[in-house]
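Engineer:
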């Protein structure tokens, strides 16, 4: 079993929809949680960064962490065609800088 | 502009021919790392460097070498490439001890 599980999709939604992307993990030591967006033929781009449990909002994006369930989510409101990309979750434990563990990514397409 | 650059972006080579992929960052980050990305396997760390004096193996270091002689550069060396090293490679640099990582545009390597 992988340490971080992420549904690969693909996920297709109409423009304006609310998108929910999720990851589950097994390592209870993970404290830092990130979401990266990767456009085709590009490097991953850091989108959201949260520490421990709770919510963080940035514009149309909201990241949620539920450590009790070992579950993290990224919500995209009013989705746009420009949001079409692969979304990668990543996480690490405190004091273990090198161990950034990635999910395999969810491919999202927002249809105009 | 703050960025991580990699060269070359695309490379086709033959088995056994030594190659180097360069990586440079202009953000004054101490932490740098190399990943490979393969379908279904996500991003896997090859090597990382906490600073100029410290370099260590990641999860898949076999067949690779790295060098960190100065803060801004972190080249990846394949002494004798093999077809199973055909992949998409990303260099990253990080702040906060590597907790926040910023990726380069990627190098697509094909070994025949």
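Residue numbers (this note's numbering), protein chains in the order written: chain A, -9 to 102; chain B, 1061 to 1172.
The beta-carbon is built from N, C-alpha and C at its ideal position, and this holds for glycine as well.
Given the structure is predicted, the values throughout are model-derived calculations rather than measurements.
Between residue 34/A and chain B, is there a C-beta pair that is closer than 8 Å?
Structural biologist: Numbered from 1 along the first chain, position 44 holds the residue referred to as residue 34/A. Interface residue, yes.
Engineer: Does DSSP put residue 70/A in a helix, a strand or coil?
Structural biologist: As a first step, residue 70/A is located in the first chain; it is residue number 80 there, counting from the start. Coil at residue 70/A, not helix or strand.
Engineer: Taking 8 Å as the threshold (C-beta atoms), are residue 12/A and residue 63/A in contact?
Structural biologist: If you number the first chain from 1, residue 63/A lands on position 73. If you number the first chain from 1, residue 12/A lands on position 22. Contact: yes.
Engineer: Report the three-state DSSP secondary structure of residue 1063/B (helix, strand or coil).
Structural biologist: Residue numbering aside, residue 1063/B sits at position 3 when the second chain is read from its first letter. Looking at residue 1063/B - three-state DSSP - the assignment turns out to be coil, as it is neither helix nor strand.
Engineer: Which chain B residues are close to residue 94/A, counting only those with a beta carbon under 8 Å from its beta carbon?
Structural biologist: The residue labelled residue 94/A in the question sits at position 104 within the first chain. Ordered by position in chain B, the residues that pass the 8 Å Cβ test against residue 94/A are 1100, 1101 and 1102.
Engineer: Rounded to whole angstroms, how far is the Cβ of residue 69/A from the Cβ of residue 100/A, which I believe are closer than 8 Å?
Structural biologist: Looking up residue 69/A in the first chain gives position 79. Looking up residue 100/A in the first chain gives position 110. Rounded, the Cβ-Cβ distance is 5 Å, consistent with contact.
Engineer: If I'm right that residue 1134/B touches residue 1087/B with Cβ under 8 Å, what's the distance once you round it to whole angstroms?
Structural biologist: For the purposes of this step, residue 1134/B is taken as residue 74 along the second chain, with counting starting at 1. For the purposes of this step, residue 1087/B is taken as residue 27 along the second chain, with counting starting at 1. Incorrect: roughly 13 Å between the Cβ atoms, too far for contact.
Engineer: When you compare the CB of residue 1076/B with every CB in chain A, is at least one pair closer than 8 Å?
Structural biologist: On the second chain, position 16 is the one that residue 1076/B refers to. Not closer than 8 Å to any Cβ of chain A, the Cβ of residue 1076/B fails to qualify, so no.
Engineer: On the premise that residue 1164/B lies in contact with residue 1065/B, defined as a C-beta separation below 8 Å, what is that separation, rounded to the nearest angstrom?
Structural biologist: Along the second chain, read from residue 1 onward, the residue named residue 1065/B stands at position 5. Along the second chain, read from residue 1 onward, the residue named residue 1164/B stands at position 104. Yes, they are in contact, since the Cβ atoms of residue 1065/B and residue 1164/B sit about 6 Å apart, within 8 Å.
Engineer: Quick one: list the residues of chain B neighbouring residue 122/A, beta-carbon separation under 9 Å, in chain order.
Structural biologist: In this structure chain A extends from -9 to 102, so residue 122/A is not present and cannot be described.
Engineer: Tell whether a beta-carbon distance below 8 Å holds between residue 1137/B and residue 1080/B.
Structural biologist: Residue mapping note: residue 1137/B aligns to position 77 of the second chain, counting from 1. Residue mapping note: residue 1080/B aligns to position 20 of the second chain, counting from 1. Going by C-beta atoms, residue 1137/B is nearer than 8 Å to residue 1080/B.
Engineer: Would you report the Cα separation of residue 46/A and residue 67/A, rounded to the nearest angstrom?
Structural biologist: For the purposes of this step, residue 46/A is taken as residue 56 along the first chain, with counting starting at 1. For the purposes of this step, residue 67/A is taken as residue 77 along the first chain, with counting starting at 1. Using only the alpha carbons, I get a separation of about 14 Å.
Engineer: So residue 39/A contacts chain B; which residues on that side make the cut at Cβ distance below 7 Å?
Structural biologist: The residue you call residue 39/A lines up with position 49 of the first chain. In chain order: 1160.
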